[in-house]
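Below is one structure, written out as structure tokens; the observations come after it.
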Amino acid sequence: MKRQVTILGIGSILMGDDGVGVRAAEALQTVEPQEGVDVVASGLLGLDLIYALEEVEAAVIIDAADFGGEPGEIRVVSPDSLAEAGVERLAAAHSIGLAEALTMLRLTGMTPDLRLVCVQPSDVSPREGLSPVLEAALPAVCNAAMEAARELAEPLQG
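FYI, in the working numbering the residues of the sequence shown are 24 to 181.
So, in structure tokens, the structure goes:
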């Protein structure tokens, strides 16, 4: 039996590349859905993210993250390996960052199986639209999210 997995693209579409998660989820919503995978494009930030994950068993979160990589570079990590992966700042434009929201989620006792698709931004200044380099990386971001969702669904396959 497959586990239900939610792909959640987050960020602010009004802050340039910070909206990469939302834009990737919107792109995924245009392709034929994979069985057992829901895709949500959302500007959910901070505490609202915790509420969105309350009923989720497994999720892939797509977000911009500053890890000192090349713009458009992608790192797929678990919440426990953020520091190891060099991901120090998630969702820079958000009021409460993703890292803090995940810590709060753990404190509430909710422990969905999570993978984070972190994308190095180029420009998070106030403006609509992604930079050309992140626009070009969008297919790879979508592929990374779908692969992470497939991996999360596997544990309950029988």
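For glycine and all other residues, C-beta sits at the position ideal for the given N, C-alpha and C.
Quiz item: Using 8 Å as the threshold, is the segment 129-143 in touch with the segment 85-97, meaning 3 or more CB pairs across them?
Solution: A contact exists between the segment 129-143 and the segment 85-97.
Exercise. Could you tell me which of Asp136, Lys25, Asp41, Val62 sits nearest to Gln52, measuring between CA atoms?
Key: Val62
Quiz prompt | Enclosing alpha helix (DSSP H) for Ile84 [first to last residue] | solution = Taken as a continuous stretch (DSSP letters only), Ile84 belongs to no alpha helix (DSSP H), being part of the beta strand (DSSP E) at 81-89.
Quiz item: Among Glu170, Tyr74, Met127, which residue has its Cα nearest to the Cα of Ile85?
Solution: Glu170
Quiz item: Under 8 Å, do Ala47 and Cys165 count as touching if we go by C-beta distance?
Solution: yes
Practice problem: Pick out whichever of Leu72, Gly59, Ala167 has its Cα sitting closest to the Cα of Ile33. | Solution: Leu72
Quiz item: Out of Val28, Ile30, Ser35, which has the shortest C-alpha to C-alpha gap to Arg150?
Solution: Ser35
Practice problem: Could you pull out every residue in the same chain whose Cβ sits closer than 6 Å to the Cβ of Leu31, ignoring the five residues on either side in sequence? | Solution: Val63, Ala82, Ile84
Quiz item: For Glu80, which of Phe90, Gly132, Pro56, Glu55 has the nearest alpha-carbon?
Solution: Gly132
Quiz item: Roughly how many angstroms lie between the CA atoms of Ala88 and Arg129, to the nearest whole one?
Solution: Answer to the nearest angstrom: the Cα atoms are 20 Å apart.
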